[in-house]
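Report on the following structure.
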Amino acid sequence: MQPLVPRGYVCRRASGPVRVDGKLDDKVWAAAPWTKDFADIEGAAKPKPRFRTRAKMLWDDEYFYIAAELEEPHVWATLTKHDAVIFRDPDFEVFMDPDGDAHRYFEFEINALNTGWDLFLAKPYKDGGKADNGWEIPGLKTAVHIRGTLNDPTDTDRGWSVELAFPWRALAGRAGPPRAGEVWRVGLSRVAWQIAHAGGRYTKRPGMPEDNWTWTPQGVIDMHRPERWGRVQFAGEKTAALVRDVAQPARDALQEIYYAQRAYRKAHGRWAAQLAELGLTAASPHVGAPRVRATAGGWEAEVELRLPKAAAQTWSIRYDARIWSKN
Numbered sequence: 006m007q008p009l010v011p012r013g014y015v016c017r018r019a020s021g022p023v024r025v026d027g028k029l030d031d032k033v034w035a036a037a038p039w040t041k042d043f044a045d046i047e048g049a050a051k052p053k054p055r056f057r058t059r060a061k062m063l064w065d066d067e068y069f070y071i072a073a074e075l076e077e078p079h080v081w082a083t084l085t086k087h088d089a090v091i092f093r094d095p096d097f098e099v100f101m102d103p104d105g106d107a108h109r110y111f112e113f114e115i116n117a118l119n120t121g122w123d124l125f126l127a128k129p130y131k132d133g134g135k136a137d138n139g140w141e142i143p144g145l146k147t148a149v150h151i152r153g154t155l156n157d158p159t160d161t162d163r164g165w166s167v168e169l170a171f172p173w174r175a176l177a178g179r180a181g182p183p184r185a186g187e188v189w190r191v192g193l194s195r196v197a198w199q200i201a202h203a204g205g206r207y208t209k210r211p212g213m214p215e216d217n218w219t220w221t222p223q224g225v226i227d228m229h230r231p232e233r234w235g236r237v238q239f240a241g242e243k244t245a246a247l248v249r250d251v252a253q254p255a256r257d258a259l260q261e262i263y264y265a266q267r268a269y270r271k272a273h274g275r276w277a278a279q280l281a282e283l284g285l286t287a288a289s290p291h292v293g294a295p296r297v298r299a300t301a302g303g304w305e306a307e308v309e310l311r312l313p314k315a316a317a318q319t320w321s322i323r324y325d326a327r328i329w330s331k332n
């Protein structure tokens, strides 16, 4: 798969209290920039989403705030049970991987009825991960504001907005907020459905798949590719420049090995023992020649990242998609 450069966002510290009511009209939100409009999950080759979606983020000593504005001419929702499979309704979704290793991440989904689903995954589904639906976010605040009428096919709505406050103490066992300059991997997604209405209610169009629109495209219809989520950089109240991820060439080189290994195993029934078996020999100017070795669980690969005016870094990935730096 061709590397996709994740989008970035500088998340400012809130200048005052944030009232979680779904309306996004607090003065503090005015200082937070919007993300770029969401695109199709597969990328620019797919059609532009039918409706606009965008988000904002803030933080303070207690919470990580994420808000979204979803354009929608017909706002509807049916699910009222907590931890139901919310994406069966139109929804907004948040994914967080605080340490960026593509393992041990969180997901939260919410519909226009303010019904939520929070879950935890030790690793992605494609690598054998299983969702822990019993995982909860104590202290989570959520609110939805409908700009129109809910579940009423007789009129045209403007859409709905979502406001979420994730307490730091519930995320990655933290006692407080990230350090200034710290970067998290965050995925933001929206599921929409093509609908019809009859008998005074909405129905999904038969045989039509859901639309998946995301802040930063995944390249495939799968949000559980944490390496492709966006980069959220925490900052103070003032504007700060987004710092480029200097490790991106190493990440890309390792991801190329990971997906080549998956394809090789599917074709040959085993992992490749040598890099040459994968047909991968070239390295970028900033990344040394990759090394692959067998492990008890499968395999592990590593590359050396060469940074100007800085010590080299060693980056590794293994068969189950976990990626990390040894420096």
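Numbering of the sequence shown is given in the numbering used here, commencing with residue 6 and proceeding in unit increments. Beta carbons: idealized from backbone N, C-alpha and C, even for Gly.
In the structure shown, what three-state DSSP assignment does Met6 receive? At Met6, the pLDDT of 47 sits below 50, so the modelled position is not reliable and the matter cannot be decided from this model.
Below 6 Å CB to CB, which residues in the same chain sit around Gly153 once its five sequence neighbours on both sides are set aside? For Gly153, same chain residues with a beta-carbon under 6 Å away, outside a window of 5 residues either side, are Val80, Asp162, Arg163 in chain order.
Suppose contacts are defined by Cβ-Cβ distances below 8 Å. Is Asn116 in contact with Ala148 by that definition? Taking 8 Å as the Cβ cut-off, Asn116 and Ala148 do not qualify as a contacting pair.
Whole-Å CB distance - Val308 paired with Ala255, under 8 Å assumed: For a cut-off of 8 Å, the C-beta gap from Val308 to Ala255 is around 5 Å, short enough to register as a contact.
Taking Ala245 as the reference, give the member of Pro231, Asp216, Glu187 with the closest Cα. Nearest C-alpha to Ala245: Glu187.
Can you give me the start and stop residues for the beta strand (DSSP E) that Asp102 sits inside? 96-102 is the extent of the beta strand (DSSP E) around Asp102.
Lys86 lies in the alpha helix (DSSP H); which residues open and close that run? That residue, Lys86, is in no alpha helix (DSSP H); it is neither H nor E in DSSP.
Any heavy atom of the ligand PLP closer than 7 Å to the CB of Gln238? This structure simply doesn't include the ligand PLP, nor any ligand for that matter.
Taking Phe113 and Phe125 to be in contact with their CB atoms under 8 Å, please state how far apart those CB atoms are, rounded to whole angstroms. Wrong, their Cβ atoms sit about 10 Å apart, outside the cutoff.
Ala294 versus Ala252 - alpha carbon distance: Cα to Cα, the separation comes out at about 15 Å.
For Gln279 and Ile91, the rounded distance between their alpha carbons: About 43 Å.
Note down the Cα distance separating Met6 from Glu77, rounded to an integer number of angstroms. Only weak support exists for where Met6 lies, its pLDDT of 47 falling under 50; the coordinates are left without a value.
CB-CB under 6 Å to Asp1, same chain, minus the five flanking residues each way: which ones, in chain order? Here the chain covers residues 6 to 332 and nothing more, so residue 1 does not appear.
Please name the residue in Asp325, Asp160, Leu193, Thr159 whose C-alpha comes closest to that of Pro11. Of Asp325, Asp160, Leu193, Thr159, the residue nearest in Cα terms is Leu193.
Which parts of the stretch 182-218 are runs of the beta strand (DSSP E), unbroken and 3 residues or longer, counting only runs that do not cross its ends? Segments of the beta strand (DSSP E) lying fully in the stretch 182-218: 188-197, 200-203, 206-209.
Compare the beta carbon distance of Gln260 and Trp276 with 8 Å and say whether it is the shorter of the two. Here Gln260 is not near Trp276, since their CB atoms are 8 Å or more apart.
For Arg184, count neighbouring Cβ atoms within 10 angstroms of its own Cβ and tell me buried if that reaches 16, exposed if not. Counting the other Cβ atoms within 10 Å of the Cβ of Arg184 gives fewer than 16, which makes it exposed.
Assign Tyr70 to one of two classes, buried (16 or more other C-beta atoms within 10 Å of its C-beta) or exposed (fewer than that). Tyr70 should be labelled buried.
Cβ contact check for the stretch 220-234 and the stretch 40-59: 3 or more pairs under 8 Å: With a cut-off of 8 Å, the stretch 40-59 and the stretch 220-234 count as touching, because enough Cβ pairs lie within range.
Return helix, strand or coil for Asp45, following the three-state DSSP convention. DSSP places Asp45 in strand when its eight states are reduced to three.
Using only CA atoms, which one of Asn332, Glu305, Ala326 lies nearest to Ala316? Minimum Cα distance to Ala316 is reached at Asn332.
Take Thr319 and list the residues in its own chain whose beta-carbon comes closer than 8 Å to its own, dropping the five residues that flank it on each side. Taking Thr319 as the centre and dropping the five residues before and after it, the same chain places the C-beta of Glu307, Val308, Glu309, Leu310, Ser330, Lys331, Asn332 closer than 8 Å to its C-beta, in chain order.
Just list the beta strand (DSSP E) runs in the stretch 235-297, keeping only unbroken ones of 3 residues or longer that don't cross its boundaries, in chain order. Runs found: 235-239.
From the DSSP output, read off the bridge partner residues of Arg318. The amino acid at residue 318 is misidentified as Arg; the sequence shows Gln. For Gln318, which the question treats as bridged, DSSP gives the partners Leu310.
Using DSSP bridges, identify the partner residues of Thr147. DSSP output for Thr147 lists Leu169 as bridge partner(s).
Between the alpha carbons of Ile151 and Asp157, how many angstroms are there, rounded? Between Ile151 and Asp157, the C-alpha separation is close to 12 Å.
With 16 other Cβ atoms within 10 Å as the buried cut-off, status of Leu283: The C-beta of Leu283 has 16 or more other C-beta atoms within 10 Å across all chains shown, which makes the residue buried.
Specify the secondary structure class of Asp137 as computed by DSSP and reduced to three states. Asp137 sits in a strand when the DSSP states are folded into three classes.
Should Gly181 and Asp66 be called a contact, given that it needs their Cβ atoms to be closer than 8 Å? With contacts defined by Cβ atoms closer than 8 Å, Gly181 and Asp66 form a contacting pair.
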